[in-house]
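Below is one structure, written out as structure tokens; comments come after it.
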Amino acid sequence: MKFFAVAAALASASTVYGHTRMAQIFVNGVAQGMPGFGSYIRNVQSNSPVKDLSSKDYICNVDGAAAPKTIEVSGGDVITMQWFHDSPLDDIIDHTHKGPLMVYIAPTSSNGQGAVWTKIFNQGYEGDWATEKLIAAKGFHSITLPDLAAGEYLLRPEIVALHEGDTDFKANKARGAQYYMSCAQLKVVSSGSVKLTGGVDLNKIPTTDPGVLFNLYGGGSFSSYTPPGGPLSDIAVAGQLGIGPVPAAGSKPTISSTSAGSATSAAPSISASPSGTVIPTTSAAQSSATPTPPSATSVVSTSRAPLPTSKFTTVTVRSSSTAAPTATACPTAESGSATGTIKKWYQCGGINYRGSTTCEQGTTCVVQNPYYSQCL
1 MKFFAVAAAL
11 ASASTVYGHT
21 RMAQIFVNGV
31 AQGMPGFGSY
41 IRNVQSNSPV
51 KDLSSKDYIC
61 NVDGAAAPKT
71 IEVSGGDVIT
81 MQWFHDSPLD
91 DIIDHTHKGP
101 LMVYIAPTSS
111 NGQGAVWTKI
121 FNQGYEGDWA
131 TEKLIAAKGF
141 HSITLPDLAA
151 GEYLLRPEIV
161 ALHEGDTDFK
171 ANKARGAQYY
181 MSCAQLKVVS
191 SGSVKLTGGV
201 DLNKIPTTDP
211 GVLFNLYGGG
221 SFSSYTPPGG
231 PLSDIAVAGQ
241 LGIGPVPAAG
251 SKPTISSTSA
261 GSATSAAPSI
271 SASPSGTVIP
281 TTSAAQSSAT
291 PTPPSATSVV
301 STSRAPLPTS
311 KFTTVTVRSS
321 STAAPTATAC
331 PTAESGSATG
341 TIKKWYQCGG
351 INYRGSTTCE
361 QGTTCVVQNP
371 YYSQCL
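The opening residue of the sequence shown carries number 1 in this note's numbering; numbering runs sequentially from there.
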């Protein structure tokens, strides 16, 4: 008991340092803009958690108003989400903040209100907690978009931190599970026929749900833990990449024709883009940062066969009709000019780079590798 008390106290003490938020997304390995929040991710005011399940803030985070941009995607695209604590590839979330990772999707027109959410990814405890695997993967996890009908959608990943989940939030507002979520705005431009199953009303999840009222340090059974929000939807694609590195730009995963079951099993193989990769794999993540992405409004055109509508069939993700950025030709910063000031997160140097090397006040141009330097 003394050990559990000490562990819980340490977890509580690290709370202020352990927060996280989704920073950007990738479509088939191509970054869509950093930071994405306030651009195509509904604005996230900070990396602090939401704790009240009944609050409107639990839908798309605090003041989750519509973002000015929307990312165009197609059914079968691999969408990778990147989380960080304060900056890309950092500690992601405090190691004491153990818990599950889920991904939901809903029509944008619903604004996330009511029983409109469909769960398409779900990982709790599988030898390690999902958050532990996310930390090891430097904050990256991927889903394969079902072959949805054309339209606009909200993609909502969520982390539940259970380090204070031994207490019902309604009974003690100083404790209770912590929730980290964001909503990315997508527009499906392909002509699929899969409909969202819906059925999940996020604001109706009770604070006594065993997926959120869980004693992480009191001997609870990790192996029997079930994340909140109900089971995985039937439309979830089998063999999703799940938690792990960003695939190579333009890669073509082949989805196995197995049941979705656990959306993290039977991961598909990835063929590298002939142009090379944009983002380093996890093993190289600590020595390289995310390359500067293309404009969030740019659209990669498709050339692929129509996707099947069943999760039990083989799905082929489109490849880009234009060459993906290569390691020797990193995308430049906001301005290609050799003068001016570069904003935080953008490129400021590297082989073949011809833009400004002056970072905005409070940031420094940091060499990540011979081809890429970034204002941090």
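Positions of the beta carbon are idealized from the N, C-alpha and C atoms, including for glycine.
Here the structure is a predicted model, which is why all the values come from computation and not from measurement.
Residue burial classification, residue i (beta-carbon count within 10 angstroms, cutoff 16)
i, result
"D147", "buried"
"E158", "buried"
"Q185", "buried"
"N61", "buried"
"P68", "exposed"
"Q347", "buried"
"S251", "buried"
"S233", "buried"
"T313", "Reliability fails at T313, whose pLDDT of 36 lies under 50, so the model's placement of it is uncertain and the value that follows must be treated cautiously. Answer is exposed; the Cβ neighbour count stays below 16."
"N122", "buried"
"G219", "exposed"
"V367", "exposed"
"S193", "exposed"
"S373", "buried"
"A23", "buried"
"G362", "exposed"
"S74", "buried"
"T208", "exposed"
Backbone CA spacing between residue i and residue j [nearest angstrom]
i, j, result
"S55", "L202", "10 Å"
"T108", "G230", "21 Å"
"T96", "T70", "34 Å"
"P102", "S46", "Per the sequence presented here, residue 102 reads as Met, with Pro not at that position. Going by the C-alpha atoms only, they are around 20 Å apart."
"A150", "N43", "24 Å"
"E132", "T339", "42 Å"
"V212", "I93", "18 Å"
"K119", "L155", "10 Å"
"G124", "T357", "43 Å"
"T20", "G355", "31 Å"
"K195", "K98", "33 Å"
"Y217", "A65", "36 Å"
"Y225", "M34", "34 Å"
"E72", "A171", "43 Å"
"D63", "D91", "26 Å"
"V160", "C375", "31 Å"
"C365", "L145", "36 Å"
"Y104", "G198", "9 Å"
Strand pairing of residue i, partner residues [DSSP]
i, result
"S251", "For S251, which the question treats as bridged, DSSP gives no partner whatsoever."
"I41", "F37 and A184"
"E72", "K187"
"T160", "In the sequence on display, residue 160 carries Val and not Thr. Paired residue(s): Y179."
"Q123", "L101"
"C348", "DSSP output for C348 lists no bridge partner at all."
"G355", "DSSP output for G355 lists no bridge partner at all."
"I143", "I79"
"T118", "I105"
"Q374", "Q347 and V366"
"V194", "L148"
Three-state secondary structure assigned by DSSP to residue i
i, result
"Y58", "helix"
"A149", "coil"
"A31", "strand"
"S110", "helix"
"I135", "helix"
"L155", "strand"
"A23", "strand"
"S256", "In this prediction, S256 has a pLDDT of 39, which is less than 50 and means its spatial position is unreliable; what the coordinates show is noted afterwards. In this structure, S256 counts as coil in the three-state DSSP scheme."
Determine, using beta-carbon pairs with one atom in the stretch 33-40 and one in the stretch 161-180, whether at least three such pairs fall under 8 Å.
no
Give a yes or no on contact between the stretch 72-92 and the stretch 17-30, applying the rule of three or more CB pairs nearer than 8 Å.
yes
Is there contact between the stretch 165-174 and the stretch 182-202, where contact requires at least three CB pairs shorter than 8 Å?
no
With a threshold of 8 Å, are at least 3 pairs of Cβ atoms found where one atom belongs to the stretch 133-140 and the other to the stretch 187-195?
no
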